[in-house]
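Single-structure report; data block below.
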Amino acid sequence: MRITLVSLHPAPSPQAIPLANAFLKGCAADTGVDIHLEDFFVGDDTLECARNLAERQPAAIGFSLYVWNRAACLAIAAEVRRRMPRVLLFAGGPEVTADPHGVLDGSSLDLVIVGEGEKPFAALCTRLAGNAPLEGIPGILLPGAATPFAPAAPLADLDAIPSPYLGGLLDYGRYPGILWQLSRGCGFTCDFCFDSRGQHGVRRFSLERIESELRHFAKGGVAQVFVLDSTFNQDLKRAKAILKLIKRIAPGIHFHFEVRSEFIDRELATLFSQITCSLQIGLQSADSHVLRGVGRSFRPDDFAARTNLLNESGATFGFDLIYGLPGDTLAGFRRSLDFALALYPNHLDIFPLAVLPGTPLAERSAAIGLNHLPQPPYTLLSSPTISADDMTVAQRLATACDIFYTRGKAVAWFNEAVKALKTSPSDFLDLFSQWLLTVQDAQISESDLDDQAVWQLQRGFLGSAFGKPGLKRLLPMVLDLVDYHYHYAAALLAPPERPPGRNRDKGRLLHLPLRLAGSVRLVEFHYEILEILDAGVPDIRRLADTLVPAGSFAVIYPGRDGVCTESLAEPYFRLLERLNGTDPAGRIAADVQLEADEATHFLLFAQAEGIVLRS
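Letter by letter, the sequence shown follows residues 1 to 615 of the UniProt record's numbering.
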């Protein structure tokens, strides 16, 4: 007997790995059922997905339902039912647990698995293999069943779930990144979140299992890991132990963590800075009263102080913000945006409130006047304190922040540009969003733009914003900062084509056709770029008053220990600029009026650094 478990992902992304279904497969290994894992993506053709599933002729097909894929999964199930009238169709996942009857009623599904799925699924497989009745399995809801539904008890020992990684159940080599679950549940009870529903508290996998999986990832060459633990640092001692394991065992892997600000101390911040990672912190709002209304506490001074520990350590972090929380207003959201950006996050993820089924907020939403979509994604449309028009403005501000700040990698200079304009971050982004409407044919999102397009939009807007009398003198400094950080990020994300090393072409370099490495950036600046970098925090007005706009020529490239910036004499810059991989380097050096000895000495350096390569 064969069962196919379907994972329908939001997009082809590093997170697209069927972890939940792999857990189910591992727990049903002894039932005698052949379990196949199938991946699709939202947007895939429904008929093609159904045809693919039907071709395998499984006895049963299960779907993992989330907010983003509920409609698509049910559409595929309906088409499969048309093609295979007798196949058993079922579903599980957060959407089912939150709204089991809503998912089951009127769908093509025969049953749903509510809550934690490993034990119910294993029991289902056993019953199917033995051709036994399906009624009475805890955690499984059947329409019209004579036996009342009974929930399944959550697993007390998570280590009882076979590791899909150590057991070889997942071919994670197919993906540039993987999901890694360290715990289940949540120690907090935020009214808008589903994580803590059903059972309060956190259950965790053992450190012994975590270490074994970590060694497995390092040995398997995993590039990045998305850690599934919404309260990673709530148990501070355990969090520090895991970070020390990562530093020792897997220093080359990039990790993504969700953390709580109130559990950050100086040692933890330092440990985060010593590995390759990024942190996501759920700020949600900077209004204590609004947060108190949804079951959260917030102390602005404490949040800022603990965030500053991350800034001091050099750790990379970002915030989540929600607009439309009960009691919040458009003005309140703008204040939250100003508070968040003033703390120099690497990025902001900004969302409209989603009134998720099964949460306390959903249960009282009608009573407090939350007007929201009744189907996924359950987005708030309006409330007594924020109108539909206000939600549109907030969405526009969120898009502006996504494009200009997050995609534009503006963290190092954004607040200084805002200060130079004597405005606030939210007013700055509002101006950018209005300007954007004047230069684009239609409203765009950050996903519509590549990095170079975002950079050009930044330069265009800043040219407009600083084009007024009294501000024009600041524009060259602003553009130097924007250009430097754009090219720095580009060099950082482009690994060297060849690791820097020893020169093997000494004495022959001028006779060779050399070319610039693809990861290298050649940039002209209005000011001496090294003086700007040496100044520390880029106070734009002070720098424009004290530095001379004499110009500089720089090469920015990934070196042995990170991105390097070298300021060059113009002839060396022009030499690099004109290397084409066809003409001998000596001929080009003569054209830019460099003596042979000078050119040779410089090219030896450039070749050793991986700046130039032989064609």
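For glycine and all other residues, C-beta sits at the position ideal for the given N, C-alpha and C.
Q.
If you reduce the DSSP assignment to three classes, tell me which class Gly295 lands in.
A. Here residue 295 refers to the residue found at position 295 of the sequence shown. Gly295: coil per DSSP, three-state reduction.
Q) Is Ser7 helix, strand or coil when you go by DSSP? A) Numbered from its first residue, the sequence shown carries residue 7 at position 7. Strand.
Q. What's the C-alpha gap between Gly610 and Ile249?
A. Position 610 of the sequence shown, counted from the first residue, corresponds to residue 610. Position 249 of the sequence shown, counted from the first residue, corresponds to residue 249. So the two alpha carbons sit approximately 29 Å from each other.
Q. Any idea what DSSP makes of Pro14, helix, strand or coil?
A. Along the sequence shown, read from residue 1 onward, the residue named residue 14 stands at position 14. At Pro14, the pLDDT of 42 sits below 50, so the modelled position is not reliable and the matter cannot be decided from this model.
Q: Write down every uninterrupted run of the beta strand (DSSP E) in the region 372–398 whose length is 3 residues or greater and which is fully enclosed by it, in chain order.
A: 380–382
Q.
Could you compute how far the alpha carbon of Pro58 sits from the alpha carbon of Phe226?
A. Stepping through the sequence shown from its first residue, residue 58 is reached at position 58. Stepping through the sequence shown from its first residue, residue 226 is reached at position 226. Between Pro58 and Phe226, the C-alpha separation is close to 32 Å.
**Q.** Nearest neighbour of Asp171, chosen from Arg2, Ala78, Ala153, Ala22 [CA to CA]
**A.** For the purposes of this step, residue 171 is identified with residue 171 of the sequence shown, where counting begins at 1. Minimum Cα distance to Asp171 is reached at Ala22.
Q | Local conformation of Ile532 per DSSP, three classes | A | Position 532 of the sequence shown, counting from 1, holds the residue named residue 532. Looking at Ile532 - three-state DSSP - the assignment turns out to be helix.
Q) Cβ of Tyr165 within 7 Å of Cβ of Glu213? A) Reading the sequence shown from its first residue, position 165 is the one you call residue 165. Reading the sequence shown from its first residue, position 213 is the one you call residue 213. Their beta carbons are under 7 Å apart, which means Tyr165 touches Glu213 by this criterion.
Q) DSSP three-state call for Trp435: helix, strand or coil? A) The residue given as residue 435 occupies position 435 in the sequence shown. Note: Trp435 maps to helix in three-state DSSP.
Q) Could you give the residue range of the beta strand (DSSP E) that holds Gly318? A) Here residue 318 is taken as the residue at index 318 of the sequence shown, counted from 1. Counting along the chain, the beta strand (DSSP E) containing Gly318 begins and ends at 316–323.
Q | Extent of the continuous beta strand (DSSP E) to which His36 belongs | A | Walking along the sequence shown from the start, residue 36 turns up at place 36. Residues 34–41.
**Q.** Between the CA atoms of Pro120 and Gly130 - distance to the nearest angstrom
**A.** Working through the sequence shown from its first residue, we reach residue 130 at position 130. Working through the sequence shown from its first residue, we reach residue 120 at position 120. Each residue's alpha carbon lies about 15 Å from the other.
Q: Can you have a look at Asn580 and say buried or exposed, based on whether 16 or more other CB atoms are within 10 angstroms of its CB?
A: Against the sequence shown, residue 580 aligns to sequence position 580. Label assigned to Asn580: exposed.
Q. Residues in its own chain within less than 8 Å of Arg51 by CB, not counting five upstream and five downstream?
A. Along the sequence shown, read from residue 1 onward, the residue named residue 51 stands at position 51. Result list for Arg51: Arg83, in chain order.
(Q) Is it buried or exposed, Ala606, if we count other Cβ atoms within 10 angstroms and call 16 or more buried? (A) Position 606 of the sequence shown holds residue 606. Flag for Ala606 reads buried.
Q) To the nearest whole angstrom, what separates the beta carbons of Gln234 and Arg209, a pair I think is in contact under 8 Å? A) Along the sequence shown, one-based indexing puts residue 234 at 234. Along the sequence shown, one-based indexing puts residue 209 at 209. Not a contact, Cβ separation roughly 19 Å.
Q. Skipping 5 residues on each side, what residues in its chain have a beta carbon closer than 7 Å to that of Glu566?
A. The count along the sequence shown starts at 1 and reaches residue 566 at position 566. Here the set comprises Ala554, Val555.
Q | Best match in Ala78, Ala544, Asn311 for proximity to Gly470 [C-alpha to C-alpha] | A | The residue given as residue 470 occupies position 470 in the sequence shown. Of Ala78, Ala544, Asn311, the residue nearest in Cα terms is Ala544.
Q | Close-in-space but distant-in-sequence residues of the same chain around Ile588 (CB under 7 Å, 5 per side omitted) | A | The residue you call residue 588 lines up with position 588 of the sequence shown. Leu575, Arg578, Leu579, listed in sequence order.
Q: With a threshold of 16 other CB atoms inside 10 Å of the CB of Gly43, please say whether the residue is buried or exposed.
A: Within the sequence shown, numbered from 1, the residue matching residue 43 stands at position 43. When all chains shown are included, Gly43 counts as exposed.
Q.
Using 8 Å for Cβ pairs, my map puts Pro495 next to Ser464. What's the rounded Cβ distance?
A. As a first step, residue 495 must be located in the sequence shown, where it is residue number 495. As a first step, residue 464 must be located in the sequence shown, where it is residue number 464. Wrong, their Cβ atoms sit about 36 Å apart, outside the cutoff.
Q) Just reading off the beta strand (DSSP E) that Gly562 is part of, what are its end residues? A) Looking up residue 562 in the sequence shown gives position 562. Counting along the chain, the beta strand (DSSP E) containing Gly562 begins and ends at 562–568.
Q: Locate the alpha helix (DSSP H) running through Thr193, then write down its first and last residues.
A: Numbered from its first residue, the sequence shown carries residue 193 at position 193. It should be pointed out that residue 193 corresponds to Cys in this sequence rather than to Thr. No alpha helix (DSSP H) holds Cys193; DSSP gives it neither H nor E.
Q. Quick one: what does DSSP say Arg578 is sitting in, helix, strand or coil?
A. Residue 578 sits at position 578 when you count from the first residue of the sequence shown. Arg578: helix per DSSP, three-state reduction.
Q. For Thr385, which option in Ile368, Pro374, Ala315 has the closest C-alpha, if you only look at C-alpha atoms?
A. To locate residue 385, count along the sequence shown from 1; it is residue 385. Considering only alpha carbons, the answer is Ile368.
Q: Could you tell me whether the Cβ atoms of Arg203 and Leu158 are closer together than 7 Å?
A: Here residue 203 refers to the residue found at position 203 when the sequence shown is read from its first residue. Here residue 158 refers to the residue found at position 158 when the sequence shown is read from its first residue. Taking 7 Å as the Cβ cut-off, Arg203 and Leu158 qualify as a contacting pair.
Q) Can you tell me the Cα-Cα spacing of Cys73 and Glu55, whole angstroms? A) By 1-based counting over the sequence shown, the position of residue 73 is 73. By 1-based counting over the sequence shown, the position of residue 55 is 55. About 18 Å.
Q.
Across the region 338–355 and the region 373–380, are there enough close Cβ pairs to call them in contact, namely three or more that are closer than 8 Å?
A. yes
Q: Could you give the DSSP three-state label for His254: helix, strand or coil?
A: Taking the sequence shown and counting its residues from 1, the one referred to as residue 254 is at position 254. Three-state result, His254: strand.
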